[in-house]
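Here is the structure we will look at.
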């Protein structure tokens, strides 16, 4: 199972890197990308799978040399949860006290695009933070780098 955990860790790294770069480029170009959200959700699913595999390894008695591995291993899940909360807050901040329904169709569309762009920036940054934590988790496991 340790080998599966290692392989899934590499997948977590790769998919989150793709999501982070994709979302970052789309954010910089002010382009709304539907595909980014599918990749991001896949990346988040790999994080959940990896944390579950790590927990199973721990329950089965496997331990790592460096206890920081556990911190770096759980951090991506925490980052994703916090980023989702920030994403919701960004939408609320953009709308504020404005009655969205009272806006013209053009204003509604412009507001929606600003919200999606903010959300993409937050989630792309979160995916890149996940990459950093996964690299550190790999380093602290003693199996990579």
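Residue numbers (the working numbering): 13 to 157.
Yeah, the Cβ is synthetic: ideal placement off N, Cα and C, and Gly gets one too.
No experiment lies behind these values; they were computed from the predicted model shown.
- Task: Compare the beta carbon distance of residue 145 and residue 88 with 8 Å and say whether it is the shorter of the two.
- Result: Indexing the chain shown from 1 puts residue 145 at position 133. Indexing the chain shown from 1 puts residue 88 at position 76. Taking 8 Å as the Cβ cut-off, residue 145 and residue 88 qualify as a contacting pair.
- Whose CA, out of 80, 140, 14, 141, lies closest to the CA of residue 73? Position 61 of the chain shown holds residue 73. Nearest option by C-alpha distance: 14.
- Query: With burial defined as no fewer than 16 other Cβ atoms inside 10 Å of the residue's Cβ, what is the status of residue 84: buried or exposed?
  - Reply: By 1-based counting over the chain shown, the position of residue 84 is 72. Classification of residue 84: buried, given that the 10 Å Cβ count is 16 or more.
- Run through DSSP, which three-state label would residue 98 get? As a working mapping, residue 98 is identified with position 86 in the chain shown. If DSSP states are grouped into helix, strand and coil, residue 98 belongs with the helices.
- Message: Quick check: does the Cβ of residue 63 come within less than 7 Å of any heavy atom belonging to the ligand NAP?
- Response: Because no ligand of any kind appears in the structure shown, any question about the ligand NAP cannot be addressed here.
- Task: Output the distance between the C-alpha atoms of residue 111 and residue 38, rounded to the nearest integer angstrom.
- Result: Indexing the chain shown from 1 puts residue 111 at position 99. Indexing the chain shown from 1 puts residue 38 at position 26. Between residue 111 and residue 38, the C-alpha separation is close to 28 Å.
- Item | Start-to-end residues for the alpha helix (DSSP H) that takes in residue 59 | In the chain shown, the residue the question calls residue 59 occupies position 47. 46–71 is the extent of the alpha helix (DSSP H) around residue 59.
- Does the Cβ of residue 17 have 16 or more other Cβ atoms within 10 Å, making it buried, or fewer, making it exposed? What you label residue 17 is simply residue 5 of the chain shown in a count that begins at 1. The residue is buried, with at least 16 neighbouring Cβ atoms inside 10 Å.
- Is residue 126 closer than 8 Å to residue 106 when the C-beta atoms are compared? To locate residue 106, count along the chain shown from 1; it is residue 94. To locate residue 126, count along the chain shown from 1; it is residue 114. Going by C-beta atoms, residue 106 is nearer than 8 Å to residue 126.
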